[in-house]
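Q:
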Amino acid sequence: MIRPPRSTAARVAAPHGGRPCLGRPCAAAVRPPRRTQHGAALLLAMLVVTLVATLASAALWQQWRATEVEQAERQRVQAGWVLTGALDWARLILREDARGNQSSGNADHLGEPWAMPLEEARLSSFLAADKANNTDDVLEAFLSGEVIDLQSRMNFLNVVRTVGTGAQAKVELSVGDMRSFSKLYELLGLPVSELNVAANELRTSTQLALSDPLPSRTSLLPTKFAQLGWLGVSRNSLAALEPHVTVLPTRTTLNFNTASAQAICASVPDMDMAQARQITSAREREPFKSLADAGAAVPAMTAQLSDLHHGVRSNHFEVRGRLRLDNAIIEERSLVVRNNLEVRVNWRERFARP
11 MIRPPRSTAA
21 RVAAPHGGRP
31 CLGRPCAAAV
41 RPPRRTQHGA
51 ALLLAMLVVT
61 LVATLASAAL
71 WQQWRATEVE
81 QAERQRVQAG
91 WVLTGALDWA
101 RLILREDARG
111 NQSSGNADHL
121 GEPWAMPLEE
131 ARLSSFLAAD
141 KANNTDDVLE
151 AFLSGEVIDL
161 QSRMNFLNVV
171 RTVGTGAQAK
181 VELSVGDMRS
191 FSKLYELLGL
201 PVSELNVAAN
211 ELRTSTQLAL
221 SDPLPSRTSL
231 LPTKFAQLGW
241 LGVSRNSLAA
251 LEPHVTVLPT
261 RTTLNFNTAS
271 AQAICASVPD
281 MDMAQARQIT
291 SAREREPFKS
301 LADAGAAVPA
311 MTAQLSDLHH
321 GVRSNHFEVR
331 GRLRLDNAII
341 EERSLVVRNN
351 LEVRVNWRER
361 FARP
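Just so we're aligned, residue 11 is where the sequence shown starts under the working numbering, counting upward by one.
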């Protein structure tokens with residue numbers, strides 16, 4: 011039996027001239043395409059590029075961070091130099107003022123050079139007077155500051171006093187000073203109960219500091235105004251008291267030439283605000299040279315003025331400096347104590363403003 015010839019459609023041409031594949035496809039005809047291999051290579055290349063970009067970004071960020079840290083450290087050092095120089099300048103002014111007070115017997119008042127604030131000025135302007143200085147290379151910086159008489163404020167540590175010496179020493183509340191602070195609290199609309207709690211806490215801590223052989227077990231005594239919060243003074247009370255109250259290391263008098271009307275009124279038992287404003291108006295016309303001059307402004311209160319609580323001279327000042335350096339603002343506050351011609355720094359604090 012003769013088979014019919016196969017259809018030409020069933021014939022599959024053999025690759026490369028080989029025998030044709032009859033009826034079923036050959037292995038060469040079902041070889042997978044190269045498109046899958048191209049896709050894997052492209053994905054691998056993208057992963058490599060992503061990894062390289064990530065590493066480059068990390069290296070760039072590390073370099074930027076190191077530059078910023080170096081710049082911040084350089085600004086900190088430069089600010090320290092400038093603010094230290096400003097503090098020394100203020101100390102020199104206070105020393106010369108003390109020299110003048112010794113020779114002329116003048117009092118400390120708000121018309122003296124130390125009381126004039128330094129408005130913000132370009133730092134290079136201080137160097138322009140020296141023709142040898144090249145101000146073109148000076149970093150863009152602006153300096154401002156002021157000196158504040160801290161004896162224009164009532165010293166909170168005056169509310170306690172130490173009686174006796176040695177093992178017999180005893181700390182008690184000062185009745186006169188407690189009366190003055192109670193009056194100030196009433197003038198400012200603050201709770202007097204808060205004052206009583208803070209004063210008793212201060213008395214207890216001071217007594218422990220005298221008798222405890224291990225100071226580490228004793229509560230820290232405040233050395234700055236903001237630290238009165240340790241004694242229980244609220245933030246609202248601190249904000250209201252700040253223009254009139256301070257914390258100084260020793261017992262101090264209130265300077266009638268620089269104190270506020272509220273502080274003057276609170277320090278004199280029977281004085282009212284109208285009489286206190288008479289004193290502030292009288293000193294604007296002519297600063298008081300003695301406590302007797304202050305009493306002459308309000309004759310009815312002369313008998314209640316005491317050298318133990320009032321005066322016209324000051325020995326404690328706060329020096330404030332502010333430096334604006336590029337985008338950074340650095341401020342410094344220092345407590346300066348003047349003893350005759352010696353002007354020493356009691357404490358310093360420096361901080362950056364956002």
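Where a beta carbon is used, it is the ideal one built from N, C-alpha and C, also for glycine.
From L345 to V355, what distance separates their C-alpha atoms?
A: Looking at the two C-alpha atoms, the distance is approximately 6 Å.
Q: Beta carbon of F9, beta carbon of L200: below 8 Å?
A: Absent from the model: residue 9. The displayed extent of the chain is 11 to 364, so no value can be given.
Q: So is D317 buried or exposed if we call it buried at 16+ other beta carbons inside 10 Å?
A: D317 comes out exposed.
Q: Does the structure place the segment 169-180 close enough to the segment 263-272 that three or more beta carbon pairs sit under 8 Å?
A: Taking 8 Å as the limit for Cβ pairs, the verdict is that the segment 169-180 does not touch the segment 263-272.
Q: Where G186 and M281 are concerned, what is the direct C-alpha to C-alpha distance, given to the nearest angstrom?
A: The alpha-carbon atoms of G186 and M281 are separated by roughly 14 Å.
Q: Between which two residues does the alpha helix (DSSP H) holding E211 run?
A: Segment V202 to S221, the alpha helix (DSSP H) holding E211.
Q: Only counting the same chain, and skipping five residues up and downstream in sequence, which positions put a Cβ closer than 7 Å to that of I289?
A: Once the five neighbours on either side are set aside, the close Cβ partners of I289 are F266, I274, A304, A307 and V308.
Q: Under three-state DSSP, which class holds T77?
A: Note: T77 maps to helix in three-state DSSP.
Q: Got a sec? Which residues, its chain only, sit under 7 Å from T216 by beta carbon, not counting five neighbours each side?
A: Only V170, V181 and L231 meet the Cβ criterion.
Q: How about N165: is its C-beta nearer than 8 Å to some C-beta of chain C?
A: As a matter of chain content, chain C is missing from the structure shown, which is built from one protein chain.
Q: Looking only at its own chain, which residues have a Cβ that is under 6 Å from the Cβ of Q161, when we skip the five neighbours before and after it?
A: The answer, listed in chain order, is T262, N265, S324 and H326.
Q: Which residues does DSSP pair with A362 in a beta bridge?
A: Paired residues: I340.
Q: Taking just the CA atoms, how far does Q81 sit from R105?
A: Approximately 36 Å between the Cα atoms of the pair.
Q: What would DSSP say about A19, mapped onto helix, strand or coil?
A: Residue placement at A19 is poorly supported in this model, since its pLDDT is 46, which falls under 50; the coordinates still yield a value, given next. A19: helix per DSSP, three-state reduction.
Q: Quick one: residues in its chain with C-beta nearer than 8 Å to the C-beta of L248, no 5 flanking neighbours on either side, listed in chain order?
A: Contacts found: F235, A236, L238 and G239.
Q: If you draw a straight line from the alpha carbon of R332 to that of L241, how long is it in whole angstroms?
A: In a straight line, the C-alpha of R332 is about 30 Å away from that of L241.
Q: How would you label S221, buried or exposed, when you count the other beta carbons within 10 angstroms and need 16 or more for buried?
A: Result: exposed.
Q: Count the CB pairs spanning the segment 295-304 and the segment 89-97 that are closer than 8 Å, and state whether there are at least three.
A: Not touching, per the Cβ criterion.
Q: Would you tell me roughly how many angstroms separate the C-alpha atoms of A131 and E122, rounded to the nearest one?
A: So the two alpha carbons sit approximately 21 Å from each other.
Q: Short check: CB of M164 to CB of S277, under 8 Å?
A: In this structure, S277 lies closer than 8 Å to M164 by Cβ.
Q: Let me know the secondary structure DSSP gives R189 once reduced to three states.
A: Three-state DSSP puts R189 in a helix.
Q: What is the residue span of the alpha helix (DSSP H) that G115 lies within?
A: From DSSP, G115 is part of no alpha helix (DSSP H); its letter is neither H nor E.
Q: In angstroms, rounded to a whole number, what distance separates the CA positions of L301 and R101?
A: So the alpha carbons of these two residues sit roughly 26 Å apart.
Q: Taking just the CA atoms, how far does R334 sit from L153?
A: About 6 Å.
Q: Fully enclosed by the segment 233-284, which alpha helix (DSSP H) runs are 4 residues long or longer?
A: The segment 233-284 contains these whole alpha helix (DSSP H) runs: 245-251 and 271-277.
Q: Hey, I340 and A313: beta-carbon distance below 8 Å or not?
A: Contact flag unset, no.
Q: Spatial neighbours of W357 within its chain, please: C-beta separation below 8 Å, excluding the five flanking residues on both sides.
A: Taken in chain order, the residues that qualify are T233, K234, S344 and L345.
Q: Using a threshold of 8 Å, state whether the C-beta atoms of I158 and E342 are closer than that.
A: No, these two residues do not count as a Cβ contact at 8 Å.
Q: Excluding the 5 residues flanking L258 on each side, which residues of the same chain have their C-beta closer than 7 Å to its C-beta?
A: Correct list, in chain order: L160, N165, L167 and H326.
Q: Only counting the same chain, and skipping five residues up and downstream in sequence, which positions put a Cβ closer than 7 Å to that of E211?
A: If we look at E211 and ignore the five residues flanking it on each side, its Cβ neighbours are L241 and G242.
Q: Are there 16 or more other CB atoms within 10 angstroms of the CB of T77, so buried, or fewer, so exposed?
A: So T77 ends up on the exposed side.
Q: I'd like the list of long-range same chain contacts for R360, defined as Cβ closer than 6 Å, with 5 residues on each side in sequence excluded.
A: Excluding residues within five positions, the ones whose Cβ falls inside 6 Å are E342.
Q: Let me know if G155 comes out buried or exposed under the rule of 16 or more other beta-carbons within 10 Å of its beta-carbon.
A: Answer is buried; the Cβ neighbour count reaches 16.
Q: What does the alpha-carbon distance come out to for the pair A111 and Q72?
A: Correcting the residue identity first, residue 111 is Asn in this sequence and not Ala. Distance between the alpha carbons of N111 and Q72: 58 Å.
Q: Can you tell me whether G115 is buried or exposed? The criterion is at least 16 other CB atoms within 10 Å of its CB, across all chains shown.
A: Exposed: under 16 other Cβ atoms inside 10 Å.
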